[in-house]
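Read the structure below first, then the notes.
Residue numbers (my numbering), protein chains in the order written: chain W, 1 to 397; chain V, 1001 to 1397.
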């Protein structure tokens, strides 16, 4: 099997024209937008030309079926509201090229998928969630976009093109190629990452309540300032979490609301969210213990009332060991000494597909670690290296 | 001159009935509300009964004029949206009682004032700002309440009751009695405070801009997290400001806005306000130098873009030395060993009146330091002690 890198890059740039932002290589192609539907129509044609049987499923996932039982390759072709040209698109077009090359070589059977609404215009990873049975279709249908459209209304617009659910039994495994969206590969000057697991994610909504008071008359030593509670909590996390974290562990306070949020009033209340991610369940547990005890301690030390509630967690998803081994061998053959095994810090469609079959992922570097931004990009040589590793792995399976 | 404490307390409770919240002794009597207008009508009657000539000025300040040249006593009778019964009201009724007692004693000439919109339903200290020439009437007229009414519309509702501007030349000085709204008097078990100055206030609007990024894929060591910039800035203030502060100096971060304020996104931007107050201009300067250099340092250390803009500052207002001396002598006579000289952490109408004549203030304790709250209160014995100090000072002037 011989992939054609020029044809692969040409298709990647052709897909980029659907929703091209006009800013760098950026794209604006949210799920079920005109640009997204046009891109799926174009992809349908490319699949047919490659000898695959296109099938749009009821929730907008577009499959290109090889006919025989075999591997499924792909990702998603919808984008963020201000997205990069590779996030999702790369995995779909790489899958298409490998399927085409396999067809030309007389085998093996390689099918392709572009999942729908991975970027969460309505839900989050909606297409792969429904297909894998992780989300009931009627629950997905009720989800709303920011502009007030339900997922049901959106998918009704392409209902005339849609067939039934695609039977997953025809696929032996799923490999998703994707950009890293982080700094590690570029930092190590590696061309390829073989993903070991997709990190788990947990989050706590925390409220500290102190005493709202006059910012002029209330002496520093009698204040129970909720914002100062948050600052002390944050300092404690930065002090203690590194003791259990690896260099890949992350934690983030990204959402904060002070009350009453006025310049002359000591904040009586702060509601905020702390999120953390790690590849190991045990480390997620240890981080959680530190975070919860930090909140308890700060509340007690500062006379603050504490409320803590957890958001639904995502468990880490281990990549299949056999598939990792095949991808590692392929990487050794194609980019010897220039690849690494690594976790994925972001959640992907592969997390859902793991409910149905063995899954694996292969990463290529993101320049500057930038993603979800028009500036997102990857060196052409790395795009091709990733494609060749994927093809080599499929050939060896 | 002999004040009548029973009559004083009865009037104070009578005023409380206008806008009584039904929660503790709380009141809801914002400027130009029905309750506020009714309270001013009642006050007009009480002034007339006391032998004073009532005059509502064009912006709603209600004077009770003694006729001869002499001291002006008072404060404001409008309240916060959820206010206490004493904030402002105390100074007005204490002034009324002293004026009445002085009248009964055959002198001296004591006039009374209830300023309008001290609590800032439209502006802030609007009535005393206009009367003292610190705010142009046409600028005040354009100010809007939260429910969208202009100050011009509000004052038009009582225009039929209003006379012309009251000539300040008839007043030799102004003394404002007020609750402390802070913890110091109660903490020291003092009954009275003689105010030395009203603190100055400065504020900076600060923006840190870092790099918005994916909270899963972006390693801790490459982040430029704007919220972490704010937290580090706050820690530096808490570390360095105590080196120049007195125990009365205060600083507050009460207003914070993160962008994009989402749980899975590293904050790319934080806009916040830091306010500080002190009685001394030189100390305000030293605090400002620390705050500005902390912002510079944190921005440089963390690779954040920094924007700083100052809000209009308020300079400290010194109380008149002679009036302070008279009040101190009076306090020595009435509550020997149970009073202290102290700054005012809050801004008051006296800050404005200082443009026109010598001013002074006398404080009584706030239970628990609580104000701007239905729970605001002061022991009756302290209310009476404050009244007696005020009357004694007027008698000695």
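Even for Gly, the Cβ is constructed at its ideal location relative to N, Cα and C.
| Query | Result |
| --- | --- |
| Alpha carbon of residue 1270 of chain V to alpha carbon of residue 254 of chain W, nearest angstrom | 10 angstroms |
| Three-state class that DSSP yields for residue 176 of chain W in the structure shown | strand |
| N- and C-terminal bounds of the beta strand (DSSP E) containing residue 1363 of chain V | 1359 to 1364 |
| Inter-residue spacing [alpha-carbon to alpha-carbon] between residue 340 of chain W and residue 327 of chain W | 11 angstroms |
| Minimum Cβ-Cβ distance from residue 427 of chain W to chain V less than 7 angstroms | With chain W running from 1 to 397 in the structure shown, residue 427 of chain W is simply not present. |
| Alpha carbon of residue 1183 of chain V to alpha carbon of residue 1383 of chain V, nearest angstrom | 16 angstroms |
| 8 angstroms Cβ cut-off: residues of chain V touching residue 346 of chain W | 1214, 1216, 1217 |
| Rounded distance between the beta-carbons of residue 113 of chain W and residue 161 of chain W, thought under 8 angstroms | Actually they are not in contact, since the Cβ atoms of residue 161 of chain W and residue 113 of chain W sit about 16 angstroms apart, beyond 8 angstroms. |
| Minimum Cβ-Cβ distance from residue 376 of chain W to chain V less than 7 angstroms | no |
| Span separating the alpha-carbon of residue 54 of chain W from that of residue 187 of chain W | 39 angstroms |
| Chain V contact for residue 258 of chain W (CB, 7 angstroms cutoff) | yes |
| Among W/352, W/373, W/307, W/338, the one whose alpha carbon lies nearest that of residue 363 of chain W | W/338 |
| Cβ-based burial, residue 1343 of chain V [other Cβ within 10 Å; buried from 16] | buried |
| Check whether residue 1205 of chain V and residue 1293 of chain V have beta carbons under 7 angstroms apart | no |
| Closer than 7 angstroms to chain V by CB, residue 254 of chain W | yes |
| Beta bridge counterpart(s) of residue 1334 of chain V as assigned by DSSP | In DSSP, residue 1334 of chain V forms no bridge with anything. |
| Cross-strand partners of residue 1397 of chain V (DSSP beta bridge) | DSSP output for residue 1397 of chain V lists no bridge partner at all. |
| Nearest neighbour of residue 1278 of chain V, chosen from W/288, W/7, W/215, W/17 [CA to CA] | W/215 |
| Outcome for residue 1221 of chain V when other beta-carbon atoms lying within 10 angstroms are tallied against a minimum of 16 | exposed |
| Minimum Cβ-Cβ distance from residue 1206 of chain V to chain W less than 7 angstroms | no |
| Cross-strand partners of residue 1255 of chain V (DSSP beta bridge) | V/1273 |
| Residue(s) in a DSSP beta bridge with residue 1197 of chain V | V/1318 |
| Rounded straight-line distance, which links the Cα of residue 1122 of chain V to that of residue 1059 of chain V | 12 angstroms |
| Segment limits, alpha helix (DSSP H) that includes residue 310 of chain W | No alpha helix (DSSP H) holds residue 310 of chain W; the beta strand (DSSP E) holding it covers 305 to 310. |
| Beta-bridge partners of residue 1025 of chain V, as assigned by DSSP | DSSP, once it has assigned bridges, lists no residue as partnering residue 1025 of chain V. |
| Whole-angstrom distance between residue 1100 of chain V and residue 1085 of chain V, CA atom to CA atom | 22 angstroms |
| Any non-hydrogen atom of the ligand COA within 6 angstroms of residue 167 of chain W CB | Although the ligand COA was asked about, the structure shown includes no ligands whatsoever. |
| Listed by chain order, chain W residues near residue 1182 of chain V by CB distance under 7 angstroms | 217, 218, 219 |
| CB contact below 7 angstroms: residue 266 of chain W versus chain V | yes |
| Residues that residue 1261 of chain V contacts on chain W, provided the C-beta gap is smaller than 9 angstroms | 254, 255, 256, 257 |
| Residue-chain proximity (residue 250 of chain W, chain V), Cβ-Cβ < 7 angstroms | yes |
| Closer than 7 angstroms to chain V by CB, residue 222 of chain W | yes |
| Exposure of residue 228 of chain W, with buried meaning 16 or more beta-carbon neighbours within 10 Å | buried |
| Per-residue DSSP class, three states only, for residue 212 of chain W | coil |
| When V/1091, V/1065, V/1042 are compared against residue 1349 of chain V, the one with the closest alpha-carbon | V/1091 |
| Cα-Cα separation, residue 139 of chain W to residue 129 of chain W | 11 angstroms |
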